[in-house]
Amino acid sequence: MAKLKKKVSYISVPSEIITSLSSSSLQSLLLSPRKSSKSPSRFISAFKNPKFWFFFLIFLSLLGIARIRVSLDPLLTFSSSRPCSGPGDAPSSIAAVGSGVSILKNGSDDGEAEFWKQPEGLGYRPCLDFSGEYRRWSVTVAKERKKYLMVVVSGGLNQQRNQIVDAVVIARILGAALVVPILQVNVIWGDDSEFSDIFDLEHFKKTLAKDVRIVSSLPSTHLMSRPVEEKRTPLHVSPQWIRGRYLKRLNREGVLLLRGLDSRLSKDLPSDLQKLRCKVAFHALRFSAPILELGNKLAERMQSKGPYIALHLRLEKDVWVRTGCLPGLSREYDEIINNERKLRPELLTARSHMTYHDRKLAGLCPLNALDVTRLLKALGAPRKAQIYWAGGTPFGGQDALLPLTKEFPHFHNKDSLSLPGELEPFSNKASLLAAIDYIVAENSDVFMPSHGGNMGHVIQGHRAYAGHKKHITPNKREMLPYFLNFSLPESEFNRIIKELHQGSLGQPEIRTSKAGRDVIAYPVPECMCNDSRTEHVL
Numbered sequence: 021m022a023k024l025k026k027k028v029s030y031i032s033v034p035s036e037i038i039t040s041l042s043s044s045s046l047q048s049l050l051l052s053p054r055k056s057s058k059s060p061s062r063f064i065s066a067f068k069n070p071k072f073w074f075f076f077l078i079f080l081s082l083l084g085i086a087r088i089r090v091s092l093d094p095l096l097t098f099s100s101s102r103p104c105s106g107p108g109d110a111p112s113s114i115a116a117v118g119s120g121v122s123i124l125k126n127g128s129d130d131g132e133a134e135f136w137k138q139p140e141g142l143g144y145r146p147c148l149d150f151s152g153e154y155r156r157w158s159v160t161v162a163k164e165r166k167k168y169l170m171v172v173v174s175g176g177l178n179q180q181r182n183q184i185v186d187a188v189v190i191a192r193i194l195g196a197a198l199v200v201p202i203l204q205v206n207v208i209w210g211d212d213s214e215f216s217d218i219f220d221l222e223h224f225k226k227t228l229a230k231d232v233r234i235v236s237s238l239p240s241t242h243l244m245s246r247p248v249e250e251k252r253t254p255l256h257v258s259p260q261w262i263r264g265r266y267l268k269r270l271n272r273e274g275v276l277l278l279r280g281l282d283s284r285l286s287k288d289l290p291s292d293l294q295k296l297r298c299k300v301a302f303h304a305l306r307f308s309a310p311i312l313e314l315g316n317k318l319a320e321r322m323q324s325k326g327p328y329i330a331l332h333l334r335l336e337k338d339v340w341v342r343t344g345c346l347p348g349l350s351r352e353y354d355e356i357i358n359n360e361r362k363l364r365p366e367l368l369t370a371r372s373h374m375t376y377h378d379r380k381l382a383g384l385c386p387l388n389a390l391d392v393t394r395l396l397k398a399l400g401a402p403r404k405a406q407i408y409w410a411g412g413t414p415f416g417g418q419d420a421l422l423p424l425t426k427e428f429p430h431f432h433n434k435d436s437l438s439l440p441g442e443l444e445p446f447s448n449k450a451s452l453l454a455a456i457d458y459i460v461a462e463n464s465d466v467f468m469p470s471h472g473g474n475m476g477h478v479i480q481g482h483r484a485y486a487g488h489k490k491h492i493t494p495n496k497r498e499m500l501p502y503f504l505n506f507s508l509p510e511s512e513f514n515r516i517i518k519e520l521h522q523g524s525l526g527q528p529e530i531r532t533s534k535a536g537r538d539v540i541a542y543p544v545p546e547c548m549c550n551d552s553r554t555e556h557v558l
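In the working numbering, the protein residues as written are 21 to 558.
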């Protein structure tokens, strides 16, 4: 019969315990003592018992584990209310504090934490306290049945938003009921979406019920009326001009039709009308349920990965043509833009007498992907940052984004975040897709546009109204000379860029400190206050 092999058992002892013992004491523990010629005592015999050493080593193991747990305890953030993360989970590091957002960065360095830090909001919060005179006249305006304002709005989503805001204010100025705005078919994208496809119509009516009466269509009593039509209202007109121009004819005909409202209404209005602009932009114009549902889902998917940056990139072909600028991808791509501009000179909206180089130095050109990358790095954005980019297809395709994707590999958009079939109901609807981008961008921890424009301005104001969430406004005119100075050491370049943007991170800015500012982008002081008054919006 084969001899049975003896089974050997091993006990794991933490290395911290082993290293804490001297070599002599360790040897005395592991080596059996020699037999004594004298008669051993009961205590000595216990040391010879294998059971004693078995339990003694277990005791030392438990003691070591306890010591390790105590030393690690400050780093552990277990929560009894949250299950442990699985392999595919990413811990969220966003914690809401008041109306702002606080970013908790475990184990991050000071520079990274500084990047995610939210600006000081100085206690400003929404404060739409309309005057007694405004509220008294609201009783009359809400019952209006004789005068109706019709408007046709054009352009992209955010251009349409701005014109709808102005339409509500003009209806209030004239004391007229507003017919739900007609959205002109977009000539660039061919989007034929109607108001109710993009916005929650019932919410729009209900929210503004005490300010302007809103109807879905003209009543039968006015269908045969010949409307007073104005195709081209001058820029930046005042309430007095509007009343003098339209009120008498509107009272006579009953219907006024306005087109091309973009930037027609003055940005410097009486306080009550400024508050009305904010009420329309930030309260009444809520996106329709399907858009809100998907937009919020995508925002939650981004938040599940940690704090994220939203970039509004203007890299489309028509943007380079219209601005008189060049994408800088290659000589071939620049030549394509120059030829397009020569064929269609009417598309150029920038100053025609300026060269591309002059435009760029004047801060009139969009930042390309390389510029955006250098700016984010200089401001301290960590390489592991999650980035959501909003915008149309870049001229040059994915190659146009390479500088960004190489430096910041966690790069997402609505196509990469959505599940199969989720975007299908919105296909070929540029305004609806732009609305989804808007929601994800507005919910980001940091937002930065590559070029000024309607979306950037509206989101800037929306984030300010929500508690002054971080919004980086590139100081293009001041920073670009340093971008062209390749002799600067990186540390010096970063220091200069940070210094140039100290006041451009979403801090409260007083609208009236600079002429012509839109209250939708700068809601302080007309729409936000920092005293003891409570929020009042209806």
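Even for Gly, the Cβ is constructed at its ideal location relative to N, Cα and C.
Where do the ends of the beta strand (DSSP E) carrying residue i lie?
{"i": "His332", "result": "328–332"}
{"i": "Phe467", "result": "466–469"}
{"i": "Gln527", "result": "Neither: Gln527 is in no beta strand (DSSP E) and is coded neither H nor E."}
{"i": "Ala197", "result": "197–199"}
{"i": "Gln406", "result": "406–410"}
{"i": "Leu278", "result": "275–279"}
{"i": "Val539", "result": "It is not in any beta strand (DSSP E) - Val539 carries neither H nor E in the DSSP assignment."}
{"i": "Met585", "result": "Outside the shown range of the chain, which is 21 to 558, sits residue 585, and nothing can be said about it."}
Using a Cβ-based criterion (distance less than 8 Å to any ligand heavy atom), does residue i qualify as near the ligand MN?
{"i": "Val199", "result": "In the structure shown, the ligand MN is absent, as is every other ligand, since no ligand is present at all."}
Measuring alpha carbon to alpha carbon, tell me which of the options ends up nearest residue i.
{"i": "Pro139", "options": "Gln527, Trp409, Val185, Arg531", "result": "Gln527"}
{"i": "Gly348", "options": "Arg269, Leu525, Asp220, Leu422", "result": "Leu422"}
{"i": "Ala401", "options": "Ala541, Arg155, Pro429", "result": "Pro429"}
{"i": "Gln418", "options": "Ser447, Leu439, Met322, Asn388", "result": "Asn388"}
{"i": "Leu243", "options": "Glu273, Ala410, Leu314", "result": "Glu273"}
{"i": "Leu148", "options": "Leu203, Arg252, Arg246, Phe302", "result": "Phe302"}
{"i": "Glu320", "options": "Gln406, Ala133, Asn495", "result": "Gln406"}
{"i": "Asn448", "options": "Glu153, Val200, Ser213, Val171", "result": "Ser213"}
{"i": "Arg279", "options": "Ser470, Ile516, Ile184", "result": "Ile184"}
{"i": "Lys496", "options": "Gly472, Ser158, Lys426, Ala420", "result": "Gly472"}
{"i": "Thr393", "options": "Glu512, Ala229, Pro494, Tyr266", "result": "Pro494"}
{"i": "Gln323", "options": "Tyr485, Ile456, Ser464", "result": "Ser464"}
{"i": "Phe467", "options": "Ser524, Lys434, Leu500", "result": "Ser524"}
{"i": "Leu255", "options": "Asp231, Asp288, Leu267", "result": "Asp288"}
{"i": "Ser158", "options": "Leu228, Lys490, Leu346, Phe215", "result": "Leu228"}
What's the call for residue i, buried or exposed, on a 16-neighbour Cβ count within 10 Å?
{"i": "Thr160", "result": "exposed"}
{"i": "Arg361", "result": "buried"}
{"i": "Val478", "result": "buried"}
{"i": "Gly143", "result": "exposed"}
{"i": "Gln260", "result": "exposed"}
{"i": "Ser533", "result": "exposed"}
{"i": "Pro107", "result": "Only weak support is given to the placement of Pro107: the predicted model assigns it a pLDDT of 31, under 50, and the question is left unresolved by the model."}
{"i": "Asn271", "result": "exposed"}
{"i": "Lys380", "result": "buried"}
{"i": "Leu437", "result": "buried"}
{"i": "Glu427", "result": "buried"}
{"i": "Arg181", "result": "buried"}
{"i": "Gln480", "result": "buried"}
{"i": "Arg156", "result": "exposed"}
{"i": "Trp334", "result": "The sequence as given places Arg at residue 334; Trp does not occur at that position. The residue is buried, with at least 16 neighbouring Cβ atoms inside 10 Å."}
So residue i is in the alpha helix (DSSP H); what residue range does that whole segment cover?
{"i": "Glu249", "result": "Not the alpha helix (DSSP H): Glu249 falls in the beta strand (DSSP E), residues 248–250."}
{"i": "Arg181", "result": "177–194"}
{"i": "Ala535", "result": "Unbroken run through Ala535: none, as it is neither H nor E."}
{"i": "Ala398", "result": "389–398"}
{"i": "Lys362", "result": "351–363"}
{"i": "Phe446", "result": "First-last for Phe446: undefined, no H or E at that position."}
{"i": "Asn463", "result": "It is not in any alpha helix (DSSP H) - Asn463 carries neither H nor E in the DSSP assignment."}
{"i": "Phe513", "result": "510–520"}
{"i": "Tyr266", "result": "Segment: none, Tyr266 is in no alpha helix (DSSP H) and carries neither H nor E."}
{"i": "His377", "result": "376–381"}
{"i": "Pro572", "result": "Because the chain in this structure spans residues 21 to 558, residue 572 falls outside the shown range and cannot be described."}
{"i": "Arg483", "result": "474–485"}
Would residue i and residue j qualify as a contact pair, given that the criterion is a beta-carbon distance under 9 Å?
{"i": "Ala197", "j": "Glu164", "result": "yes"}
{"i": "Arg192", "j": "Val539", "result": "no"}
{"i": "Ala304", "j": "Phe224", "result": "yes"}
{"i": "Val248", "j": "Leu285", "result": "no"}
{"i": "Val173", "j": "Pro201", "result": "yes"}
{"i": "Leu384", "j": "Met374", "result": "yes"}
{"i": "Val188", "j": "Val275", "result": "no"}
{"i": "Ser291", "j": "Ser151", "result": "yes"}
{"i": "Glu352", "j": "Phe415", "result": "no"}
{"i": "Leu203", "j": "Ser451", "result": "yes"}
{"i": "Lys518", "j": "Leu396", "result": "no"}
{"i": "Ala484", "j": "Ala410", "result": "no"}
{"i": "Ala455", "j": "Ile311", "result": "yes"}
### Query
Hey, which unbroken runs of the beta strand (DSSP E) at 3 residues or more fall wholly within the region 214–255?
248–250
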